[in-house]
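A quick write-up on the structure given underneath.
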Amino acid sequence: MRFRFVHAADLHLDTPFEGLARVSADMAELLRDASLQAFDNLIRVALEREAAFVLLAGDLYDGEQRGVRAQLRFLQGVQRLAERGVHTFVVHGNHDPLGAWSAVRSWPEEVTFFGSDEVIGVPVEVAGERVATVYGLSYGRREVAENLALRFPRAGGEASPRDRREAGTGFRIGLLHCSVGDQPEHSPYSPCSLADLRGAAIDYWALGHIHRAVVLSDDRPWVVYPGNTQGRSPKPAEMGVKGAVIVEVDGDQVRTVESVSLDAVRFIDIRLDVDRLGEEADLGEVRAELLGRAVTAREEHEGRALLARATLHGGNPGGSTLHRDLTAPGAVADLLRDLRDSLSDTDPPFWWESIKLATRPLLDLDVIRARDDFSSNLLTLAETAADDPCNKEQLLRALTPTAPAELVRRYGAPSAEDLPRLLEEAALLALEALESEASACD
């Protein structure tokens, strides 16, 4: 029998969107409701596509102190599904472990919350026929270092999928919030390997925790992260299209895994190589190019409110001289203010979140590195410090209490991850000043 289900994760309902710079009034209002609107979109899509059930793989809420608004919105959504006979299966993750306060204690019979003590298998019937079994396990606390995947039924001498279907288990789904392999952008909660997942008697792993949509395995077992339903910040993992996946199964075979967008506000990165503007380009041309890119982005993401970060890069020897213009005091701040004013009346709203300056001065670092002078010694010192863990730790301790306000505004409180970039920027600024002074004296 053919059936369809929706797999979503990391809803982070009523997320506060911390760390964002000031936004327009229209964008602020949209951001307040974005995660809830994305959840409403999820319910709508599940009903429109006649899904047999919905899987939610952890982090429904943004923290253990779950907001009442988020809980009531979630209740309304699963009630709408239940009224149409659609079952909802839920596991809790590191952001919303079991045991946190709940404003709702009465749920429709069609909603299953998996516990944290043992893996339970719940059968799913369509038109009176058992088509699948959903196995799930929640987090009992936030910090989970155990490999929970090993608790799921193991394959071993497992019967074939056809034999299992005839025995009554049907298509087997594993619902889990975990980290598969090395995931540098996310904390390694319930870490496991792809081999651990493949060793289980599971046909489709419905995973959560990683905010990028990715299919780690497209054969039995399928291993899928749908990503989060709504981007939460301008970080790389939060940018771009956000949503869920719709999975169509025929008997014991996955036929299609289709990504669907659900987000109400989309974070994007508009990248501009300033060298391509030519050697004589000025800030007026940078402005015009960025506004043109914004128009294109609005066409590509039609119907979505957009929150954009502009990343300016370039500065190779022989390229433009815009780096010096962009690093002039107040230049980037004024450019950002002008860009915001130019698109203040768009519908849906478009907001420039920030301008990230990744341009370089017109310095040939290989030539400087080969010299035996103060500039070459400075460059070597900066590169050595960035590679030495001990030096990084000492620098971080020295920098944290004395960081300039402008630095904190651009990057937040300095961290070990920021140091290599900060050291590189500092070295380039110093080298540009030294080389300019040396040229003036020649």
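Quick note: the sequence shown uses this note's numbering, first residue 58, plus one each step. By construction, the Cβ of each residue, glycine as well, lies at the ideal position given by its N, Cα and C atoms. Note that the structure is a prediction, hence the values are computed from the model and not measured.
* Classification of Phe-431 by the beta-carbon crowding that lies within 10 angstroms, buried from 16 upward -> exposed
* Minimum length 3: unbroken beta strand (DSSP E) runs contained in the stretch 143 to 174 -> 144 to 148, 168 to 170
* To do: Return the residue from the list Leu-129, Leu-155, Val-317, Leu-364 that minimises the CA-CA distance to Glu-86.
  => Leu-364
* **Thr-384 in three-state terms, based on DSSP** => coil
* Asked: Is Val-298 helix, strand or coil by DSSP?
  -> coil
* Let me know the secondary structure DSSP gives Ile-310 once reduced to three states. => The residue asked about is misnamed: residue 310 is Gln in this sequence, not Ile. Strand, per DSSP.
* **Closest by C-alpha distance to His-266, when choosing among Leu-254, Ala-388, Tyr-246, Leu-396** => Tyr-246
* Arg-323, enclosing alpha helix (DSSP H) - first and last residue -> Segment 322 to 330 is the beta strand (DSSP E) holding Arg-323; no alpha helix (DSSP H) there.
* Asked: If you draw a straight line from the C-alpha of Phe-62 to the C-alpha of Tyr-261, how long is it?
  -> 11 Å
* To do: Can you have a look at Asp-444 and say buried or exposed, based on whether 16 or more other CB atoms are within 10 angstroms of its CB?
  => exposed
* **Gly-341, DSSP secondary structure in three states** => helix
* Hey, how far is the Cα of Thr-368 from the Cα of Ala-385? -> 17 Å
* Asked: How close, in whole Å, do the beta carbons of Leu-232 and Val-191 come, if the pair is a contact with beta carbons under 8 Å?
  -> 6 Å
* May I ask you to report which of helix, strand or coil DSSP gives Phe-209? => coil
* Return the chain-ordered list of same chain residues with a C-beta closer than 7 Å to the C-beta of Val-201, the five sequence neighbours on each side being excluded. => Asn-151, Tyr-246, Ser-247
* Should Gln-451 go down as buried or exposed, given a rule of 16 or more other Cβ atoms within 10 Å for buried? -> exposed
* Asked: Along the chain, where does the beta strand (DSSP E) that runs through Ala-252 open and close?
  -> Taken as a continuous stretch (DSSP letters only), Ala-252 belongs to no beta strand (DSSP E), being part of the alpha helix (DSSP H) at 251 to 255.
* Neighbourhood of Arg-208 by C-beta, 8 Å cutoff - its chain only, sequence neighbours within 5 removed -> Glu-175, Val-176, Leu-194
* To do: Look at the alpha carbon of Ser-433 and the alpha carbon of Val-343, and state the distance between them as a whole number of angstroms.
  => 32 Å
* Asked: So, using beta-carbon positions, are Leu-70 and Leu-117 closer together than 8 Å?
  -> yes
* **Span separating the alpha-carbon of Leu-422 from that of Glu-337** => 23 Å
* Could you tell me which residues DSSP pairs with Asn-285 in its beta bridges? => Ala-66
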